[in-house]
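In my numbering, the protein residues as written are 51 to 184. Ideal placement from N, C-alpha and C gives every residue a C-beta, glycine not left out. In this text the structure is predicted, and so the values were computed from the model without any measurement. Below is one structure, written out as structure tokens, with a few remarks after it.
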DNA sequence: GCCAACGTTGGC
DNA sequence: GCCAACGTTGGC
């Protein structure tokens with residue numbers, strides 16, 4: 051069981067879209083570091099759904115339901131996608147500002163590699179964020 | 001809208 | 001293989 055954080059700009063794919071579709075193909079990743087993390091995802095892994103750019107915050111959780119496969123948006127075999135299913139929406143959003151203020155979360159990659167769209171999260175970090183959101 | 005951080009590209 | 005130039009991401 052692994053934990054991850056997935057970023058999405060609401061203009062591209064919003065929580066409302068996720069609610070409508072329930073499951074979504076996480077495609078379009080064109081960064082090797084992020085791609086490598088996608089390849090490590092297994093069925094049942096839990097992900098934090100992070101809204102970037104517009105009011106940055108962790109806003110929901112989702113579950114990996116299909117491990118990596120060829121990204122359907124390209125023929126280039128370098129790129130892969132996974133399928134994730136919406137799990138739960140946080141009762142209250144966990145804004146980036148709060149994460150920055152939380153001592154236990156200072157080591158999150160989110161704070162160090164702000165441009166990485168797919169990143170691992172430790173179980174401890176997942177627990178803390180989950181608690182802050184519920 | 002600005003700009004810092006980072007990744008990628010391409011000339012040498 | 002180095003590094004400058006450029007493009008993109010994402011916080012503010």
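Between which two residues does the beta strand (DSSP E) holding residue i run?
i	result
residue 52	First-last for residue 52: undefined, no H or E at that position.
residue 98	96-101
Mapping the DSSP letters down to three states, classify residue i as helix, strand or coil.
i	result
residue 142	strand
residue 124	coil
residue 56	strand
residue 135	strand
residue 116	strand
residue 147	helix
residue 170	strand
Using the C-alpha atoms, what's the distance from residue j back to residue i?
i	j	result
residue 133	residue 113	9 Å
residue 69	residue 145	20 Å
residue 115	residue 96	10 Å
residue 83	residue 55	13 Å
residue 72	residue 137	9 Å
residue 65	residue 139	9 Å
residue 108	residue 170	14 Å
residue 155	residue 103	20 Å
residue 53	residue 128	23 Å
residue 179	residue 152	10 Å
residue 158	residue 61	25 Å
residue 135	residue 125	24 Å
Grab me the residues of residue i's own chain with a C-beta within less than 8 Å of its C-beta, minus the 5 sequence neighbours each way, in chain order.
i	result
residue 119	130, 131 and 132
residue 93	114, 115, 116 and 117
residue 88	76, 79, 118, 130, 131, 132 and 168
Between which two residues does the alpha helix (DSSP H) containing residue i stretch?
i	result
residue 68	65-71
residue 173	173-183
residue 83	82-90
residue 162	159-162
With a CB to CB cut of under 6 Å and the five nearest residues on each side skipped, what residues in its chain are close to residue i?
i	result
residue 182	144
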